[in-house]
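So the structure is just underneath, and the comments pick up after that.
Numbering (my numbering), first residue to last: 3 to 241.
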């Protein structure tokens, strides 16, 4: 674990950030405060999630000076990259042998999250079939997306092609959808609802898309891009 980031961790603790143990997804360490500003660190990446731009700016002013710098004269590190597009990926039909297994990836601008929330975008498991179909039509019209589905009659063949391992099959489908989505519009952050503990989607994309941060997180549908993907995947599976 890098000690270059110890000053930042000390700064977070002094500002009443609390450590999350264990950290979620890709992170080596994670802290959160009472304003729900979440700070996660992985090698060479610091991801700061804030409830709004004001909270993000407050964090930057308070803590960037504690970040390491590669310049000859320390300056608190580079200007942070603002994430304006987030890709979400999820699957449906995994345990329903009579339906297609489907994966969808959706690219959601941060500026559209408020409208998505107002329209009722949420985890598809809490939606009726009619809501799924209606929301999927809006998602397809509003956002760049990609889907892949395997008909029930072809599931056994598809599994056999991936050593009869469902995790490998799902990994290939998620990676395919995210690559296709990135070809439509570049993004730097993708969230995947975690379906395996060893971050297989990140490993699958590491060679071809090393600059994309793949956040394979528990309860991924709490993030709107993943919730939209879950709805779209469910709609494809129901079709």
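Every residue gets a Cβ at the ideal spot worked out from N, C-alpha and C, and that includes glycine. These numbers come from a predicted model, not from an experiment.
Coil, strand or helix - residue 166 by DSSP: coil
Sequence-distant residues of the same chain with beta carbon closer than 6 Å to residue 238, five excluded per side: 104, 149 and 151
Cβ separation of residue 107 and residue 213, assumed to be a contact under 8 Å, to the nearest whole Å: With a contact defined as Cβ atoms closer than 8 Å, residue 107 and residue 213 miss out at about 17 Å.
Among 219, 167 and 230, the one whose alpha carbon lies nearest that of residue 146: 230
Nearest residue (CA-CA) to residue 26, options 40, 15, 17 and 35: 40
C-alpha distance - residue 18 paired with residue 47, whole-angstrom precision: 22 Å
Contact check, residue 303 vs residue 91, beta carbons under 8 Å: Residue 303 lies beyond the residue range present for the chain, which begins at 3 and ends at 241; the question has no answer from this structure.
Every unbroken alpha helix (DSSP H) inside the stretch 48–127 [4 residues or more]: 55–65 and 115–121
Alpha-carbon spacing of residue 89 relative to residue 177, whole angstroms: If you take the alpha carbons of residue 89 and residue 177, they lie about 12 Å apart.
Paired residues, beta bridge with residue 42 - DSSP: 32 and 49
Host beta strand (DSSP E) of residue 195 (start-end): Annotation: the continuous beta strand (DSSP E) that includes residue 195 extends over 191–195.
Member of 56, 53, 55 and 82 whose CA lies at the smallest distance from the CA of residue 67: 82
Straight-line gap, residue 219 to residue 155 (C-alpha atoms, nearest Å): 31 Å
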